[in-house]
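Residue numbers (this note's numbering): 460 to 596. A short write-up of the structure that comes next.
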């Protein structure tokens with residue numbers, strides 16, 4: 460899934476790095492935000508719909524997330540909204556964003572294995588917070 464998200468947006472990421480090196484940080488961050496929005500709004504639903512036509516129910520891609528994924532997404536959205544509200548970006552804030560990203564990577568690397576329910580049980584259900592440490596969408 461990471462490759463599916465990165466490969467189509469490689470040209471955008473290269474342009475974002477070039478704009479950042481030219482001190483056009485606002486355009487570089489906007490390119491990053493639009494790439495993340497494209498992945499969230501287009502590629503993830505397409506994967507779910509595509510998986511409906513593949514093999515047995517047990518092999519389908521579902522939108523069932525462990526709680527650490529849910530909290531990481533919520534935390535990331537809050538950080539991006541707060542950064543957008545300030546309407547300014549400098550290298551210190553960029554370093555802080557990289558440090559937060561590194562912390563999220565470490566949290567995912569060192570997290571204990573969680574029991575994930577059967578992905579074919581229900582593809583769509585309401586959000587259930589706190590039950591069995593999963594979030595189902």
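Backbone N, C-alpha and C define an ideal beta-carbon position, used for all residues, glycine too.
For residue 524, which three-state DSSP category applies? strand
Confirm, please, whether the CB-CB distance from residue 475 to residue 626 is below 7 Å. No answer is possible for residue 626: it lies beyond the span of the chain, which begins at 460 and ends at 596.
When we look at the beta-carbon of residue 558 and count the other beta-carbons within 10 Å, is it buried (16 or more) or exposed? The residue in question, residue 558, is exposed, as its Cβ has fewer than 16 Cβ neighbours within 10 Å.
Among 482, 483, 501, nearest to residue 468 - alpha-carbon criterion: 501
Just tell me which of 487, 510, 560, 526 has its CA closest to the CA of residue 649. Summary: the structure shown does not reach residue 649, with the chain confined to residues 460 through 596, and so no result is reported for it.
Do the region 526-544 and the region 553-569 touch if we need at least three Cβ pairs shorter than 8 Å? Yes: the two stretches touch, three or more of their Cβ pairs being nearer than 8 Å.
Tell me where the alpha helix (DSSP H) around residue 504 begins and ends. In the DSSP assignment, residue 504 falls within the unbroken alpha helix (DSSP H) covering 503-511.
Would you tell me roughly how many angstroms separate the C-alpha atoms of residue 472 and residue 493, rounded to the nearest one? 11 Å
CA-CA distance, residue 542 and residue 520? 32 Å
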